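Below is one structure; the comments refer to it alone.
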Amino acid sequence: MDLSVLLPECDSLDRKLCGHFTARALNIDKILSVMRHACRQGQYSIHVADYFLPENTGTYTVIFDSGKVLSIVRNDADADMDVTVETFCQLAVGRIDRDMARYREGTVLYSNEALLRELFVKKPVLLK
């Protein structure tokens, strides 16, 4: 049967295969240490709220230079951004970028916007 009779605009249909995956942060420090960082120097603080693993909850201050992390300190400093652990995982692997994260429940952006936009970018997620 000719589908154009039932769907006259069927030529405009597009098929897309999207993969969905689940990521779970068990060690925020380790993820931050291996995450891609901008090829310059800088510092940012991110507060992660994890209701399932309370030991993950806290503010992490990251200092980096030439794309490499120099130190990660867990402290009580004011964070540049608050996120839930779910949003943090998606930011870390590049499923979403900083702008997309702003629309997630539990995300609040306070400062350091330009650097965070540079660090948390959307990228293709290819898993083997």
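The numbering of the sequence shown is this note's numbering, which starts it at 3 and goes up by one. Note that the Cβ used here is the ideal one computed from N, Cα and C, for glycine as well. Small disclaimer: the values here were computed from a predicted structure and weren't measured.
Option in the options with minimal Cα separation from residue i
i: Tyr46; options: Asp99, Val123, Leu34 and Arg106; result: Leu34
i: Val127; options: Thr59, Asp84, Leu111 and Arg97; result: Arg97
i: Asn114; options: Ile48, Asp31, Asn29 and Cys41; result: Ile48
i: Leu111; options: Asp82, Ala40, Pro56 and Asp31; result: Asp82
i: Gly108; options: Asn77, Val71 and Thr89; result: Thr89
i: His149; options: Glu57, Val71 and Phe54; result: With the chain covering only 3 through 130, there is no way to say anything about residue 149.
i: Ser106; options: Lys125, Val85, Asp78 and Ala116; result: The sequence as given places Arg at residue 106; Ser does not occur at that position. That would be Val85, whose Cα lies nearest to the Cα of Arg106.
Cutoff 6 angstroms; reference residue i; Cβ partners in own chain excluding five residues on either side
i: Ala94; result: Ile33 and Met37
i: Val75; result: Thr63
i: Arg100; result: Leu118, Arg119 and Phe122
CB contact flag (residue i, residue j, <9 angstroms)
i: Ser68; j: Gln92; result: no
i: Ala27; j: Val50; result: yes
i: Thr59; j: Asp52; result: yes
Extent of the continuous alpha helix (DSSP H) run through residue i
i: Asp101; result: Arg100 to Ala103
i: Ala81; result: Premise fails: Ala81 is in no alpha helix (DSSP H) and is neither H nor E.
i: Arg123; result: According to the sequence shown, residue 123 is Val rather than Arg. No alpha helix (DSSP H) holds Val123; DSSP gives it neither H nor E.
Residues of its chain near residue i, where Cβ-Cβ distance is below 8 angstroms and the 5 sequence neighbours each way are ignored
i: Asp31; result: Tyr62, Ile74 and Arg76
i: Glu57; result: none
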